[in-house]
Amino acid sequence: MLVVGVNSNSAQQPKNKKIGQENVKIEKLAETSCSWDGAVFPNYPTSTPKITILRYTFPPHKRLSPHRHFIINCGVMLKGELTIVTIDGREHTFRAGDTVMEMIGTVHYGENRGDEPAEVIMFYAGTEGLPLKEEAE
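In terms of the UniProt record's numbering, the sequence shown opens at residue 1 and continues consecutively.
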């Protein structure tokens, strides 16, 4: 004699749902091929990838020194405001919740012009031996 049982809960679940994911919220924050200034990102390096994730905390009224990146990097503002300024004077201010698509090859700096700390997490898609940034002269 063969007895087959069916749990009524599993029979009611849609086939495309995985168990335990009913309450998981997935929100796309960004999808782009360009930096914030509209420049198209370069191709990924062909050597072994190295992912680096950094959290920057900018005290009020402080800034980084001018620098440039040669690898794709992006991030998410966690709190405060951060203004990215290029050496030729273009700028864009990012606020908590904004995504940041950094420029490649353009000299720039990040500056907190506000009265509270600014915090951003940045993701760098580089390779072993390739620096995350190069200080500008």
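Backbone N, C-alpha and C define an ideal beta-carbon position, used for all residues, glycine too.
Would you kindly check if the distance between the Cβ of residue j and the Cβ of residue i is under 8 Å?
i, j, result
"Leu130", "Phe58", "no"
"Phe94", "Glu81", "yes"
"Cys74", "Val100", "yes"
"Arg90", "Glu134", "no"
"Glu137", "Thr48", "no"
Check residue i in the structure and name its three-state DSSP category.
i, result
"Glu27", "coil"
"Glu128", "coil"
"Ala136", "coil"
"Met103", "coil"
Determine the direct distance from the alpha carbon of residue j to that of residue i, and round the result to whole angstroms.
i, j, result
"Lys62", "Glu22", "43 Å"
"Leu64", "Lys50", "23 Å"
"Pro60", "Asp98", "19 Å"
"Ala30", "Thr86", "22 Å"
### Query
Which whole runs of the beta strand (DSSP E) in the stretch 32–98 are 3 residues long or more, in chain order?
49–58, 72–79, 81–86, 91–95
### Query
Touch check for the stretch 43–59 and the stretch 106–122: three-plus C-beta pairs under 8 Å?
yes
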